[in-house]
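S.K.: Residue numbers (the working numbering), protein chains in the order written: chain A, 1 to 249; chain B, 1001 to 1249. Following this message is one structure expressed as structure tokens.
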DNA sequence: TAAATTCCTGCACAAAAACGCACAAACAGG
DNA sequence: CCTGTTTGTGCGTTTTTGTGCAGGAATTTA
């Protein structure tokens, strides 16, 4: 059998089944695994397949990319993301909400980090999936079209079963008097459950949202352990919060 | 034998078998391999064949260089998607697996359709979310990075709680003797649960996958209610399946 | 942490290609 | 008819290509 012929066969199999194993191909076409590996490597260099340990994957399959769209005040959010990442260590279980700040964090996670991320936000999950070393746990239930996250009693029940080390909340509004507030009933239920379950709750919020509030109450400030903004920790705007016992970063 | 005559013969052989070996041609026509090689080279320069190490391939063979942005065998999948959609009516609960065929169906769902779609496939969910009128239920659990779907006991337990009207399975391999088979253990577990829960199971499969099999068994043919391919329902290839009691569309 | 796969690197060896050359047949023109 | 040229073919020799194998490194799995 000719080399090109064999490669065409392999390519065909990959496109057909989305995945092939070097071992099974080698018995299929009766050549050594080395040869298969070399073929896969060539095909991968030509961009026809994606080579992975033990075989190859179809290219079309793993291309579920989300438009890395323009985010409002991205530079601030990036700063926040960096601070948030510094709290995560290897082996941690991290529960996150959705929101652009969280997404920014998800994209900036260092590649060596090994941790487990849990979320009901589709967008966040997509970002976590691209990461080579983190395990991703998706919270299921009905999907809210407006917020692109799973909401409902099932999701809340699932969250209550967990005891994650950290919970990152993309915060919509935070205020000394009203605490954390939001504007979507279903999201609020979910965030409440997240806060209850977690050992530490971290609020990510751009300074703009500090001292603002929204119609629905999520929780008191006292439930929050850490507050992250793009400002330095000793910014006067944040002073009341650290006075209230929140660790401000 | 004249040179032209010989080249005509070679060309004929290439078009007939899609490939020729210099070695076998040389004994066929009783000339040295050098001569064959020179002939092939000339034919290649004229664009009549594609020369490779050891012989030559027909042009149609290498035309499997499918256009880059197009999904593999998309037109077939579109045809399948259309047939699948005809089975869905308003108000139905539909459980689907992942796979490119399912994605094609998800994209083609008519905008007026009001139904509930349930899936653990991230890519499928993304498509369903774009639809204006369908409710989306996401099955949660750990995400398998290779297949981009949620897998695990939680996901399976959740599926077992449901009684969807229809279950669409993107099929990797179907065979009279082996039934439905696949190549990913976790995916197999999930698909089994899906079949068990559903009132009707529909297999979507391009004709190429008919009468092929993969290492892991999912279920017997008898569990399948409907089989959809891009072929007409009375195609001889499908005859054994309708004889086996499966409704073929 | 240990065991098992899988991967990579270099090497050996066979098959095929490339190159140069020889030689013979076909051809062209005096 | 002869001679010089072109063309087609085959034969060594040298390179290149394709493949398998051994071993150690890297990665996955238990």
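We treat Cβ as the ideally placed atom computed from N, Cα and C, and that holds for glycine.
By DSSP's criteria, residue 1151 (chain B) is part of a beta bridge. Which residues make up the other side?
M.R.: Residue 1151 (chain B) is bridged to B:1142.
S.K.: Is the stretch 1126 to 1142 of chain B in contact with the stretch 1154 to 1165 of chain B, if contact means three or more CB pairs nearer than 8 Å?
M.R.: Short answer: they touch.
S.K.: Counting C-beta neighbours from all protein chains within 10 Å, is the total for residue 1077 (chain B) 16 or more, i.e. buried, or is it exposed?
M.R.: buried
S.K.: Verify the CB distance criterion: does residue 127 (chain A) have a CB-CB separation below 8 Å to chain B?
M.R.: Closer than 8 Å: no.
S.K.: Distance, Cα to Cα, residue 1065 (chain B) vs residue 138 (chain A)?
M.R.: Here residue 1065 (chain B) scores only 49 on pLDDT, less than 50, and its place in the model should not be relied on; the value that follows carries that caveat. So the alpha carbons of these two residues sit roughly 37 Å apart.
S.K.: Roughly how many whole angstroms lie between the Cα atoms of residue 1214 (chain B) and residue 1180 (chain B)?
M.R.: 8 Å
S.K.: Quick test of your reading: residue 261 (chain A) and residue 204 (chain A), contact by CB under 8 Å. State the CB separation rounded to the nearest angstrom.
M.R.: Beyond the ends of chain A as shown, which are 1 and 249, falls residue 261 (chain A); an answer cannot be given.
S.K.: Is the Cβ-Cβ distance between residue 1160 (chain B) and residue 1122 (chain B) less than 8 Å?
M.R.: No; because the gap between Cβ atoms is not below 8 Å, this pair is not in contact.
S.K.: Between the alpha carbons of residue 1162 (chain B) and residue 1196 (chain B), how many angstroms are there, rounded?
M.R.: 10 Å
S.K.: Between the stretch 1153 to 1175 of chain B and chain A, which residues of the former have a C-beta closer than 7 Å to a C-beta of the latter?
M.R.: 1158, 1172
S.K.: For a quick check, are the C-beta atoms of residue 80 (chain A) and residue 113 (chain A) less than 8 Å apart?
M.R.: no
S.K.: Distance cutoff 8 Å, beta carbons only. Does residue 1143 (chain B) sit that close to anything in chain A?
M.R.: Contacts with chain A at 8 Å (Cβ-Cβ) include residue 1143 (chain B).
S.K.: Report the neighbours of residue 1216 (chain B) on chain A: residues whose CB is nearer than 8 Å to its CB, in chain order.
M.R.: Neighbours of residue 1216 (chain B) on chain A: none; closest Cβ ~12 Å, over 8 Å.
S.K.: Looking at chain B, which residues of the stretch 93 to 116 of chain A have a Cβ within less than 7 Å of any of its Cβ atoms?
M.R.: Against chain B - using a Cβ distance shorter than 7 Å - the stretch 93 to 116 of chain A contributes no residues.
S.K.: Residue 1017 (chain B) to residue 1056 (chain B), Cα distance in whole Å?
M.R.: Per the coordinates, the alpha-carbon of residue 1017 (chain B) lies some 11 Å from the alpha-carbon of residue 1056 (chain B).
S.K.: Rounded to whole angstroms, what is the Cα-Cα separation between residue 1119 (chain B) and residue 1095 (chain B)?
M.R.: 6 Å
S.K.: Just tell me which of B:1074, B:1097, B:1166, B:1005 has its CA closest to the CA of residue 1043 (chain B).
M.R.: B:1005
S.K.: Curious, which full-length beta strand (DSSP E) runs of at least 3 residues does the stretch 157 to 197 of chain A contain?
M.R.: 166 to 170, 173 to 175, 179 to 182
S.K.: Within 8 Å of any Cβ in chain A, is that where the Cβ of residue 1057 (chain B) sits?
M.R.: yes
S.K.: Are the C-beta atoms of residue 5 (chain A) and some chain B residue less than 8 Å apart?
M.R.: For residue 5 (chain A), the answer is yes, since a Cβ of chain B falls inside 8 Å of its Cβ.
S.K.: If you count every other CB in all the chains shown that lies within 10 Å of the CB of residue 129 (chain A), and 16 or more means buried, which is it?
M.R.: With 16 or more other Cβ atoms within 10 Å, it is buried.
S.K.: Measuring alpha carbon to alpha carbon, tell me which residue in A:1, A:3, A:9, A:23 is nearest residue 1183 (chain B).
M.R.: A:23
S.K.: Spatial neighbours of residue 1174 (chain B) within its chain, please: C-beta separation below 7 Å, excluding the five flanking residues on both sides.
M.R.: Once the five neighbours on either side are set aside, the close Cβ partners of residue 1174 (chain B) are 1180, 1203, 1205, 1209, 1210.
S.K.: Near residue 1068 (chain B), which residues of its chain fall below 7 Å by C-beta distance, leaving aside the five closest residues on each side in sequence?
M.R.: For residue 1068 (chain B), the pLDDT reaches just 43, beneath the cut-off of 50, and the residue's location in the model is therefore unreliable, although a value from the coordinates is still provided. Counting only Cβ-Cβ distances below 7 Å, and skipping sequence neighbours, we find nothing.
S.K.: Is DSSP giving residue 235 (chain A) helix, strand or coil here?
M.R.: coil
S.K.: Do you know offhand how far residue 10 (chain A)'s Cα is from residue 1111 (chain B)'s?
M.R.: 38 Å
S.K.: Counting only beta-carbon atoms, is residue 1042 (chain B) nearer than 8 Å to chain A?
M.R.: no
S.K.: In whole angstroms, what separates the C-alpha of residue 1240 (chain B) from that of residue 1014 (chain B)?
M.R.: 34 Å
S.K.: Return yes when the Cβ of residue 83 (chain A) is within less than 8 Å of the Cβ of residue 249 (chain A), no when it is not.
M.R.: yes
S.K.: Under DSSP, the beta strand (DSSP E) around residue 56 (chain A) begins and ends at which residues?
M.R.: 55 to 58
S.K.: Does any CB atom of chain A fall closer than 8 Å to the CB of residue 1140 (chain B)?
M.R.: yes
S.K.: May I ask you to list the residues that DSSP assigns as paired with residue 119 (chain A)?
M.R.: A:96, A:138
S.K.: Give the DSSP-derived three-state secondary structure of residue 1035 (chain B) in the structure shown.
M.R.: helix
S.K.: Step through the CB atoms of chain A and report whether any lies within less than 8 Å of the CB of residue 1183 (chain B).
M.R.: yes
S.K.: Helix, strand or coil for residue 101 (chain A)? Go by DSSP, reduced to three states.
M.R.: helix
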